[in-house]
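Participant:
Protein chains in written order, with the numbering used here: chain A, 18 to 132; chain B, 11 to 121.
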């Protein structure tokens, strides 16, 4: 079955630096991959979607890359701020595996930005 | 535009009871997804409803069931509650089946 690996340990960085989060997956490559932000006790918030034929996607201070050869996505937050502190989830489309629409989520990486 | 809403916010039940959780999607969204997030764990896919039909189901026992109403709102029912069912239950809605928009969740506690 599809396995998604995100850094289980928290990532601590200094304000103003670039945070880079990793999402690795095994088995089949999804048609697209998504990133979400989740704050404690709240529902995830959609951030970015990148398709398999896109190498890179940007939105304001966020950048996502998708390398189907490496089976990896990188999520970057530039000029990080303490307000960016949250858990970031990677989610893969399951359509190629199951023929049906569903997302498989990684367990997330907790980002802590120090002022 | 109103987001996804869920009720109740918190629910406390005892083992063996039944729980009913409700979700209202964003206006115009026809798909509703349910997820379970146990403490410290990732989101586990439960159910997907679209146009009133169950389209996909995660690896959960049959005592987890639900339905979608004509107005696209949805209900998740959990029968014969067990202690390990204690979790945050999240509902999400989607229009095109790509990005999902989540509600605030229902915190279910089984004692």
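Think of the CB as a built atom: it goes at the ideal place given N, C-alpha and C, for glycine as much as any other residue. As the structure is a computational prediction, the values presented were derived from the model and not from experiment.
Got a sec, what are the start and stop residues for the beta strand (DSSP E) residue 20(B) sits in?
Facilitator: It spans 20 to 23 - the beta strand (DSSP E) in which residue 20(B) sits, taken as one unbroken run.
Participant: Return the bridge partner residues of residue 36(A) from the DSSP annotation.
Facilitator: Looking at the DSSP assignment, residue 36(A) forms a beta bridge with 94(A).
Participant: Taking Cβ-Cβ distances shorter than 7 angstroms, what residues in chain A pair up with residue 111(B)?
Facilitator: 63, listed in chain order.
Participant: Rounded to a whole number of angstroms, what is the C-alpha to C-alpha distance between residue 129(A) and residue 39(A)?
Facilitator: Taking the straight line joining both Cα atoms gives about 15 angstroms.
Participant: Name the two residues that bound the continuous beta strand (DSSP E) containing residue 84(A).
Facilitator: From DSSP, the beta strand (DSSP E) with residue 84(A) extends over 79 to 84.
Participant: When the Cα atoms are used, what is the spatial distance from residue 97(A) to residue 32(A)?
Facilitator: Distance between the alpha carbons of residue 97(A) and residue 32(A): 5 angstroms.
Participant: DSSP three-state label for residue 48(B), please.
Facilitator: In this structure, residue 48(B) counts as coil in the three-state DSSP scheme.
Participant: Give me the chain A residues within the contact set of residue 55(B), using Cβ-Cβ distance strictly less than 9 angstroms, ordered along the chain.
Facilitator: In chain order: 111, 119, 120, 121, 122.
Participant: Residue 27(B) lies in the beta strand (DSSP E); which residues open and close that run?
Facilitator: Careful: residue 27(B) lies outside any beta strand (DSSP E) and carries neither H nor E.
Participant: Which of helix, strand or coil does DSSP assign to residue 112(A)?
Facilitator: It is helical.
Participant: State yes or no: is the C-beta of residue 53(B) within less than 8 angstroms of the C-beta of residue 122(A)?
Facilitator: Yes.
Participant: In its own chain, which residues sit with a C-beta less than 8 angstroms from the C-beta of residue 85(A), not counting the 5 before and 5 after it?
Facilitator: Excluding sequence neighbours, residue 85(A) sits near 46, 69.
Participant: Specify the secondary structure class of residue 93(B) as computed by DSSP and reduced to three states.
Facilitator: Helix.
Participant: For the segment 46 to 58 of chain A, which residues have a beta carbon sitting closer than 9 angstroms to at least one beta carbon of chain E?
Facilitator: In summary, chain E is missing from the structure at hand, where the protein chains are A and B.
Participant: Do residue 17(B) and residue 103(B) come within 8 angstroms of each other at the CB atom, strictly closer than that value?
Facilitator: No; because the gap between Cβ atoms is not below 8 angstroms, this pair is not in contact.
Participant: Answer with yes or no whether the minimum CB distance from residue 66(A) to chain B is below 8 angstroms.
Facilitator: Yes - at least one Cβ of chain B is within 8 angstroms of the one on residue 66(A).
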